[in-house]
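For reference, the structure is listed below as structure tokens.
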Amino acid sequence: MAKISVFEFENKKYVGVIDGDNVKITSEYIDFSSIEYAAKAKEFTKTLAIADVKILAPIPNPPRVFGMGKNYAEHAKEMASDVPTTQIWFAKQPTSINSPYGNVNKPVVSDMLDYEVELVVIIGKTCKHVPKERAQEVVFGYMVGCDFSVRDWQKASQTWNMGKGFDTHAPIGPYVLTPDEVNDLDALGLRCFVNGQKMQDGKIKDMVFKIPDMIEHLTKAMTLLPGDLLFTGTPSGVGMGRNPPFYLKAGDVVRCEIDEMGFIENEIVPEVVETVIK
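Per this note's numbering, the sequence shown runs over residues 2 to 279.
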């Protein structure tokens, strides 16, 4: 089908399909239904140069964001952990979603901000009790994500949710690649760079639990919804696993990329503390 994303142009949000250096606009962004429409659209209302639009998160308002822990054996080992025999899931928060090139907050409350390049799966259908043999039927597409993690806050809770759910800490994009555009998902590599230095370098084939296993497992417990995001785990090389540990500071630039899916790049900036009550 297509490479689909959400764009801002003249203060309006649109859904479009990336075609080389251009974006073909299908409609204004409404919700996930407009993204689904873009995947099937054969007619376009306008063509714009990518340089003239602002690329936003392809799924700006996911119903839920799930994260898989320790899903690469070498990453589990660097975290001084056994390779899991049961899937480990935690929740990132929808408010953690960030654009592919947006700034990421270095929290005031911690100096232990870490990076994790990940393949993100977008669920495209309401589904429950999906056997792994049919899991592909509910996958809308894939994209690049970074599961930024505040390690001391993560370790303080057995659920990990607090350390994984800070605002701005889930940049995604730059587009959704639909499954028909992927020749061999397992063969794709994923990498993370900090200030140009390669920190992570892995292959999707090295996942402990594969995507069909994830969908089968999750849907035994709960109904998955269109637009739900699954962060599928990270390869070795994270800052916490290094000796000595390496944590991000303001001014650092983190680039995450996956073969065929493009890259996201985010600058770390100091969090601005402001009380908000609406």
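Every residue, glycine too, gets a C-beta built ideally from N, C-alpha and C.
Apart from the five residues on each side of it in sequence, which residues of its chain come closer than 6 angstroms, Cβ to Cβ, to Met163?
For this step, residue 163 is matched to residue 162 along the sequence shown. Same-chain partners within the cutoff: Trp154.
Cβ-Cβ separation, Ala58 to Gly174 (assumed contact under 8 angstroms), whole Å
On the sequence shown, position 173 is the one that residue 174 refers to. On the sequence shown, position 57 is the one that residue 58 refers to. Confirmed, Cβ separation roughly 6 angstroms.
Three or more beta-carbon pairs under 8 angstroms between the segment 175-192 and the segment 214-229, yes or no?
no
Expected contact under 8 angstroms - CB spacing of Leu249 and Gly240 to nearest Å
Residue numbering aside, residue 249 sits at position 248 when the sequence shown is read from its first letter. Residue numbering aside, residue 240 sits at position 239 when the sequence shown is read from its first letter. The pair is a contact, with the Cβ atoms about 7 angstroms apart (cut-off 8 angstroms).
Closest by CA to Arg152, which one among Pro108, Ile259 and Asn99?
The sequence position of residue 152 within the sequence shown is 151, counting from 1. It is Pro108.
Run through the DSSP bridge pairs and tell me what Val254 is partnered with.
The sequence position of residue 254 within the sequence shown is 253, counting from 1. Glu268.
To the nearest whole angstrom, what separates the beta carbons of Val7 and Val16, a pair I think is in contact under 8 angstroms?
Within the sequence shown, residue 7 is the residue found at index 6, counting from 1. Within the sequence shown, residue 16 is the residue found at index 15, counting from 1. Contact holds; Cβ gap of about 6 angstroms.
Among Ser150, Gly68 and Gln94, which residue has its Cα nearest to the Cα of Asp112?
One-based indexing of the sequence shown puts residue 112 at position 111. Comparing Cα-Cα distances from Asp112 to each of Ser150, Gly68 and Gln94, the minimum goes to Ser150.
So the candidates are Ser35, Ala92, Ala81 and Ala74; which of them puts its Cα closest to the Cα of Phe232?
Residue 232 sits at position 231 when you count from the first residue of the sequence shown. Among Ser35, Ala92, Ala81 and Ala74, the Cα nearest to that of Phe232 is on Ala92.
In the structure shown, what three-state DSSP assignment does Trp161 receive?
In the sequence shown, residue 161 corresponds to position 160, counting from 1. Looking at Trp161 - three-state DSSP - the assignment turns out to be coil, as it is neither helix nor strand.
Continuous beta strand (DSSP E) stretch holding Leu191: start and end
Within the sequence shown, numbered from 1, the residue matching residue 191 stands at position 190. From DSSP, the beta strand (DSSP E) with Leu191 extends over Gly190 to Val195.
Does Lys199 pass the burial test, meaning 16 or more other C-beta atoms within 10 Å, or should it be called exposed?
In the sequence shown, residue 199 corresponds to position 198, counting from 1. Under this definition Lys199 is an exposed residue.
Which value, in whole angstroms, describes the spacing of the CA atoms of Ala39 and Glu29?
Mapped onto the sequence shown, residue 39 falls at position 38. Mapped onto the sequence shown, residue 29 falls at position 28. If I take the Cα positions, the gap works out to 10 angstroms.
Under a Cβ-count criterion, where at least 16 other Cβ atoms within 10 Å of its own Cβ denotes burial, should Gln201 be classed as buried or exposed?
Position 200 of the sequence shown, counted from the start, is the residue given in the question as residue 201. It counts as buried.
Whole angstroms are fine: how far does the CA of Leu186 sit from the CA of Val140?
Within the sequence shown, the letter at position 139 stands for residue 140. Within the sequence shown, the letter at position 185 stands for residue 186. Approximately 13 angstroms, taken between the alpha carbons.
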